[in-house]
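Numbering (our numbering), first residue to last: 48 to 196.
Backbone N, C-alpha and C fix where the C-beta goes; we use that ideal spot for every residue, glycine too.
A quick note: this is a predicted structure, and the numbers were derived from the prediction, not measured.
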Amino acid sequence: MKRLSAVVCGLLFGLGLSISGMDLPSKVLGFLNVAGRWDASLLFVLGGAVAVTAIAFPLVRRRAKPLYDASFERIAPERIDLPLLGGAALFGVGWGMTGYCPGPGIVALTRLAPDAIVFVATFLVGSLLYRMYIRRSARGVIERASDLG
């Protein structure tokens, strides 16, 4: 049931992105262009998301555990550091340049949009390179620690 609910939620999320137009780079770039011909229609999407969250989040917090898992996953707050700021800046620049972030980019694949194919391919390559970098960095830390001991 856990996997089925994840699939259903993913399909619902993708449908919402598609209906709202967030899988269309022109729509997103029009929303981000506040100094030019600003398309404020995505404010309704944002408002809808905030309204659903404001209603649902307090209801979910009353539950002892999720429907299909043993416990809620608590994520410790991270400190704001240079990698976090750099990653956020890189995400924002990529979003502003292409009009895609990962979710809408994947939804746009259903239209076989060439720009979405390029975006998702480069997103996957970038993610793979990052994972390789993290693994190599972790190995270096372990090796330096073993040199000390």
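Coarse secondary structure for residue i, derived from DSSP in three states
i           : result
residue 85  : coil
residue 182 : helix
residue 17  : Since the first residue shown for the chain is 48 and the last is 196, residue 17 is missing from the structure and cannot be characterised.
residue 53  : helix
residue 101 : helix
residue 113 : coil
residue 124 : coil
residue 159 : coil
residue 61  : helix
residue 68  : coil
Extent of the continuous alpha helix (DSSP H) to which residue i belongs
i           : result
residue 76  : 72-79
residue 153 : 149-155
residue 141 : 129-145
Residue burial classification, residue i (beta-carbon count within 10 angstroms, cutoff 16)
i           : result
residue 166 : buried
residue 172 : exposed
residue 146 : buried
residue 163 : buried
residue 116 : exposed
With three or more beta-carbon pairs closer than 8 Å as the criterion, would you say the segment 75-93 touches the segment 142-156?
yes
Check: Is the segment 149-159 touching the segment 55-64 in the sense that three or more CB pairs, one from each, lie closer than 8 Å?
Finding: yes
Sufficient close CB pairs (3 or more, under 8 Å) joining the segment 97-113 to the segment 121-139: no
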